[in-house]
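Worksheet for the structure shown next.
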Amino acid sequence: MMLRASVAVVVALTLCVGPAASAYARRYASELRRQSGGRVTGTVKLTLANSAPSPAGVYERRAVGPRPRAQPEIKSVVIFFSDLPATKNAPMQASIAQKDEQFAPHLVAVTAGSKVAFPNEDPFFHNVFSLSRGAGFNLGRYPSGSSRSQTFTRPGMVKVFCEIHSHMSAVIRVFEHGWFTVPNEDGTFAIDNVPPGDHTVVAWHERIGERRDRVTIRAGADTQINFTLPVLEPGQ
Amino acid sequence: MTAPRLLTRALVASFLTVALVLGAVFAVLSLRVRDQVRQSVADNLASAQQVFIKVEARRQQDMRASVATLAESPTLKAALDTWLTERSTASEETSVELVETVQREARKIAERVGADVLAVADGSRRVVAAGGRLAGSWPRGVVIGNAADASLPSARAVSVGSGMYHVVSVPLQLGESTIGSLELGTALDAHYARELADLSRGQAAILSKGAVLASTVSGPAARDLAAYKPSDTGGATMTLAGESWAIQPLSQLGDVTFLALASIDRAADGQTPAALQGLAWVGLGAMGLAVLGSVWLARTLTQPIDQLSRSLSAMTTGDRARSAVPLSGTSRELDQLATTFNSLLTSLASAEAEAEATYLGAVRALAAALDARDPYTAGHSERVSIFAVAMGEELKLDWEAMETLRLGALLHDIGKIGVPDEVLRKSGALTAAEFETIKTHPTAGARILRSIPFLAPHIPIVELHHERPDGLGYPYGLKGDDIPLAARIVHVADAFDAMTSARAYRSGRIPVEAIAELRRCVGTDFDGTSVEALIAALPRLVAATEPLDPKAMQWTPRARSA
Chain A
1 MMLRASVAVV VALTLCVGPA ASAYARRYAS ELRRQSGGRV TGTVKLTLAN
51 SAPSPAGVYE RRAVGPRPRA QPEIKSVVIF FSDLPATKNA PMQASIAQKD
101 EQFAPHLVAV TAGSKVAFPN EDPFFHNVFS LSRGAGFNLG RYPSGSSRSQ
151 TFTRPGMVKV FCEIHSHMSA VIRVFEHGWF TVPNEDGTFA IDNVPPGDHT
201 VVAWHERIGE RRDRVTIRAG ADTQINFTLP VLEPGQ
Chain B
237 MTAPRLLTRA LVASFLTVAL VLGAVFAVLS LRVRDQVRQS VADNLASAQQ
287 VFIKVEARRQ QDMRASVATL AESPTLKAAL DTWLTERSTA SEETSVELVE
337 TVQREARKIA ERVGADVLAV ADGSRRVVAA GGRLAGSWPR GVVIGNAADA
387 SLPSARAVSV GSGMYHVVSV PLQLGESTIG SLELGTALDA HYARELADLS
437 RGQAAILSKG AVLASTVSGP AARDLAAYKP SDTGGATMTL AGESWAIQPL
487 SQLGDVTFLA LASIDRAADG QTPAALQGLA WVGLGAMGLA VLGSVWLART
537 LTQPIDQLSR SLSAMTTGDR ARSAVPLSGT SRELDQLATT FNSLLTSLAS
587 AEAEAEATYL GAVRALAAAL DARDPYTAGH SERVSIFAVA MGEELKLDWE
637 AMETLRLGAL LHDIGKIGVP DEVLRKSGAL TAAEFETIKT HPTAGARILR
687 SIPFLAPHIP IVELHHERPD GLGYPYGLKG DDIPLAARIV HVADAFDAMT
737 SARAYRSGRI PVEAIAELRR CVGTDFDGTS VEALIAALPR LVAATEPLDP
787 KAMQWTPRAR SA
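Residue numbers (this note's numbering), protein chains in the order written: chain A, 1 to 236; chain B, 237 to 798.
This is the structure:
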């Protein structure tokens, strides 16, 4: 409930002070470029992969060939600053392979304008489409060995699916600045060159939700911050 | 009041016994038939319901399977997952189009599986969108079941709002994660009860915690149904509103019990009359056979007894139907009775014959004694008897008439017992008074015979043997055919013997003369037929009688030495 409330507050604030903030942000960004930033390091700990009880299925899960290696859930978390202004970043090249009937990696985080390739590494057709608002696309079906790409310009979240294999999904986070990262498999992460000041850091997982924290960044200094997901509410 | 006949009594007694036994047997049988019909109806219902249970389980399985198949919709999953992720992300605004997509998919699936309500729910079973007939009662945000219950079976009974639903859950999975579920709801209402009833070809009811949620049976029966307790054996028989019902539990879903019901009474009512009717026909046939049997039995029992009693009554009324009673062979006792009766009859007959012989002996002795009073008439009665019998043979009289003739001729002069010796033995001519005395002997003889019952047939011979065809005879002066033939024969025989016999006053004439005399007097004194019969019998009489009793047959005139 705290989480919901905070989301609501942030959304409301964004809507209300949006125009003013954007004028301020442009001035602030040019100032940041002049001074050297700080560094944020920390650990993300997942306590629960999926909280929903799973109803018994009618059939055994379908399996073609050997079961693909499960991707570590920690790699589906992204750490980012939510209140830093947009910066101009060079487009990134990212790739999400379609292998063993799953998207690998499950999550990529890119800067706006980046191009993501979707090579088909399975011996059969795949498809890539998205219903995400403002970023809906459909790359059509394409055969084994070929690849198609999509450029993401709008910051936010894009969920990607395959219309042939309904259990496949991937998520792409698009940021308008460069202060974001995906933690290592041991949960550690580091974001360099963060402008000094008081900022909000978010650890986000598509299903578990997000955890926000305020940090004060000093120039040339390391700031430690740890996250535990999901946020356990009192009494739970 | 006369006592009933033995036949009737035997008939009634045997028939009543058989009817009573048959009645008892049929009463017991009809009860058993009723029981058996009920049992078979209950068994039929149970097996039909067993089949239905399997079919219904299969139907549920198929429904889950088709929902599971439809759940693999990329559009639905993509829309739901995208929407759910956006919802949980503070920086994202939730999209109306995504919810609409989910809604559309839910409606489509609901339509395809024909669900009352089909909801797409999130991981906490909170409804995102619903489709189907009753979609309105599952608004967005409603939790289907207890979200905290981790051990969720794929099918369960859930109370949503004011209604109870049978819910089948199918998970929506994306990779290793479960993003939500499809909740297929079937309202446990009268509509579903009717559907169950149609499938089971009977009645159906849905019970929950001792209350009837819905049923297709009438009000009072449904009220009684609330007392239903599930039994281990499965099927049960229960009395609902006074009727007997076969109840088969179809399935159990949490607190909710599904029952198939059928009224045994109503089903049995259709079949019992048919079975009883068959039984009634058999009973009717058995009764008919019983009637025939008892008639036969009564007749076999009573016929020999009837015969015996008829013989006995014939004997007591004096008719001479003295034939022996035949042995019926139907029972030893009756045969013994008949044998005893027959030997009684035999001894009675021999006693009677003895008595008759005694009488006859006495009468003959009397006649002989009479004849002996006059030496000239000795043997007269015997000879007249022999002549009369010979004449009777010529005239072809039957045996009985011959017997009468023989004895009658022997006794014809018995009345002379009352005639004094001096008149009888007088050698001279009789005075008129003496002749009158002689003339009384036929009536006197008849009077004597009348006292002996078995000599009654001989009376006319004795009484009328002096009548003449011209009516000048005595005692009555009868004419021609008014005189019995036997009397006429004896008259001729008497005259012939008298003529050929010696008398005190004259010697006997030879037969030829006697015949001539007889012939001369035919029509006046003598009967022509009888005279001709005598003439015809004469040679035979000479041949046959002489060697037997030369003395008696000594009808050639000669003097008898005293």
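Ideal placement from N, C-alpha and C gives every residue a C-beta, glycine not left out.
- The C-alpha of B:LEU544 is placed about 40 angstroms away from the C-alpha of B:GLY681.
- By the rule that beta-carbons nearer than 8 angstroms mark a contact, A:HIS167 touches chain B.
- Judged by DSSP in its simplified three-state form, B:HIS616 adopts helix.
- Two segments are said to touch when three or more pairs of C-beta atoms, one from each, lie closer than 8 angstroms; by this definition the stretch 107 to 117 of chain A does not touch the stretch 210 to 218 of chain A.
- Taking 8 angstroms as the CB threshold, B:GLY411 lines the interface with chain A.
- It is roughly 7 angstroms from the alpha-carbon of B:VAL655 to the alpha-carbon of B:HIS677.
- Residues of the stretch 179 to 204 of chain A with a C-beta atom less than 9 angstroms from some C-beta of chain B are VAL202, TRP204, listed in chain order.
- Counting only Cβ-Cβ distances below 7 angstroms, B:SER331 has contacts in chain A at ARG133, in chain order.
- Put simply, the CB of B:PRO485 is far from chain A, with every gap to its CB atoms at 8 angstroms or more.
- With a beta-carbon spacing of about 6 angstroms, B:GLU341 and B:SER309 fall inside the 8 angstroms limit used to define contacts.
- Residue-level contact by beta carbon holds for B:LEU334 and chain A, with a gap shorter than 8 angstroms.
- For B:ARG294, the enclosing alpha helix (DSSP H) begins and ends at 242 to 307.
- A distance of 8 angstroms or more separates the beta carbons of B:VAL269 and B:LEU520.
- Rounded to whole angstroms, the separation of the alpha carbons of B:ALA282 and B:ILE483 is 8 angstroms.
- Taking a contact to require three or more Cβ pairs closer than 8 angstroms, the stretch 689 to 703 of chain B and the stretch 639 to 658 of chain B qualify as touching.
- Cβ proximity to chain A below 7 angstroms picks out ARG300, ALA301, ALA304, GLU308, SER309, PRO310, LYS313, ALA314, ALA315 from the stretch 295 to 315 of chain B.
- When rounded, the separation of the alpha-carbon atoms in A:PHE180 and B:ALA355 is 38 angstroms.
- Against chain A, the beta carbon of B:ASP317 has neighbours under 7 angstroms at LYS159, SER169, listed in chain order.
- Contact between the stretch 751 to 769 of chain B and the stretch 718 to 727 of chain B is present, with at least three C-beta pairs closer than 8 angstroms.
- Annotation note: the stretch 98 to 186 of chain A contains the following uninterrupted beta strand (DSSP E) runs of length 3 or greater, listed N- to C-terminal: 102 to 104, 107 to 111, 114 to 119, 126 to 130, 137 to 142, 147 to 152, 156 to 161, 169 to 175.
- In this structure, B:ALA301 sits away from B:VAL338, with a CB-CB distance that is not shorter than 8 angstroms.
- Here DSSP, grouped into helix, strand and coil, assigns B:ILE442 to strand.
- Per DSSP, the unbroken alpha helix (DSSP H) holding B:GLU639 starts and ends at 635 to 646.
- Between the stretch 34 to 46 of chain A and the stretch 190 to 205 of chain A, the count of Cβ pairs shorter than 8 angstroms is three or higher; the stretches touch.
- Taking each of B:LEU570, B:GLN488, B:SER737 in turn and checking the Cα distance to B:ILE442, the smallest one comes out for B:GLN488.
- In this structure, B:LEU563 lies near B:ALA574, with their beta-carbon atoms less than 8 angstroms apart.
- Nearest CB-CB separation between A:ALA70 and chain B: below the 8 angstroms threshold.
- The beta-bridge partner set that DSSP reports for B:GLN484 consists of B:ALA496.
- Here B:ALA462 is near B:ALA447, since their CB atoms are less than 8 angstroms apart.
- Residues of chain A with a Cβ closer than 8 angstroms to the Cβ of B:GLU322 are, in chain order, SER132, ARG133, MET157.
- Beta-carbon to beta-carbon, B:LEU777 and B:ALA626 are separated by about 5 angstroms, close enough to satisfy the 8 angstroms threshold.
- Using a Cβ-Cβ cut-off of 8 angstroms, B:THR475 does not count as an interface residue toward chain A, since no Cβ of chain A sits closer than that to its own.
- At least 8 angstroms separates the CB of A:GLN224 from every CB of chain B.
- Setting aside the 5 residues that flank it on each side, B:ILE751 is surrounded in the same chain by ILE771, each with a C-beta closer than 7 angstroms to its C-beta; the list follows chain order.
- The C-alpha of B:GLY372 lies about 52 angstroms from the C-alpha of A:GLY197.
- The criterion of a C-beta distance shorter than 8 angstroms is not satisfied by A:ASP83 and A:GLN98.
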